[in-house]
Structures are given as C-alpha cells and as structure tokens.
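Quick look at the structure:
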C-alpha cells in the first residue's frame with residue numbers, strides 16, 4: 003500500500019513541477035510546451051497499462067496488450083524525437099488535442115480496464 007502512495011506522490015510532484023515550468027515558459031508555441039503535452043499523454047498511457055498489468059499479467063491474452071503497448075511506446079518515441087528536433091511542430095490546437103487526449107485516457111481508465119479484462123477473459 004505504501005508503494006502505491008509513493009507512486010501517487012511521485013506523479014503529484016512531477017506534475018506540479020511541470021505546471022510550474024509551464025507557468026514560467028512564455029512562448030505558447032515553444033518546444034517545451036509541446037513536449038510537456040506529449041508527456042502528459044505518455045504518463046496517462048503508462049498509468050493505464052500499469053492498472054491493466056496488475057489485474058491481467060498472468061493471463062496469456064495479455065501478451066497481445068503488452069505487444070500493443072510496445073508498438074505505442076515506439077510510436078511515441080518517434081513523435082517525441084520529431085518534436086525535439088522540430089520535425090513535428092504543434093500549434094495551439096495540437097497542444098489542446100494532447101491535453102484532451104491525456105484526459106480521455108486517464109479519467110475513464112476503469113472503463114478501459116473493464117473492457118480489456120472482458121476481452122482477455124473471453
């Protein structure tokens with residue numbers, strides 16, 4: 003139980019630091035803002051995968067979910083590299099989409115966990 007609390011505190015502190023960095027950055031189109039938005043999506047996906055792993059890691063069909071997670075991680079690494087080297091530049095609309103995507107992944111995560119568990123159990 004203490005590990006779970008420690009994880010939550012670590013995420014809280016990290017997000018608080020990111021919020022402070024965002025307040026200090028002035029340019030709306032800066033690379034830092036874009037990377038922070040993408041990191042929000044990555045953190046939400048990692049939390050969702052962690053919740054799925056706790057419940058389903060011993061089941062054979064979970065390997066499909068793990069394989070999909072590896073593909074998604076690879077895609078996000080490519081996107082992050084593109085953002086870092088300015089091959090991918092998001093405007094304010096793109097930043098808003100990343101924020102909404104992070105919320106869409108993190109808020110109904112229990113719903114996604116129940117869907118995946120139903121898939122794995124069938």
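Residue numbers (this note's numbering): 3 to 124. Yeah, the Cβ is synthetic: ideal placement off N, Cα and C, and Gly gets one too. Keep in mind the model is a prediction, meaning the values are calculated, not measured.
- A straight line joining the alpha-carbon of residue 51 with that of residue 71 spans about 8 Å.
- The DSSP-derived three-state label of residue 19 is helix.
- DSSP places residue 90 in the coil class of the three-state scheme, outside both helix and strand.
- Under the three-state reduction of DSSP output, residue 62 falls in the coil class, being neither helix nor strand.
- Residue 70 carries a helical assignment under DSSP once its states are collapsed to helix, strand and coil.
- Each residue's CA atom was taken as its position, placing residue 14 and residue 24 some 15 Å apart.
- The residues 64, 67, 118, 119 and 122, in chain order, have a CB closer than 8 Å to that of residue 58 in the same chain once the five nearest residues on each side in sequence are set aside.
- Counting along the chain, residue 32 sits inside no alpha helix (DSSP H), nor does DSSP assign it H or E at all.
- Between residue 97 and residue 35 the beta-carbon gap is near 6 Å, inside 8 Å, which marks them as a contact.
- Within the same chain, Cβ atoms closer than 7 Å to the Cβ of residue 46 are found at 104, 107 and 108, the five residues on either side in sequence being excluded.
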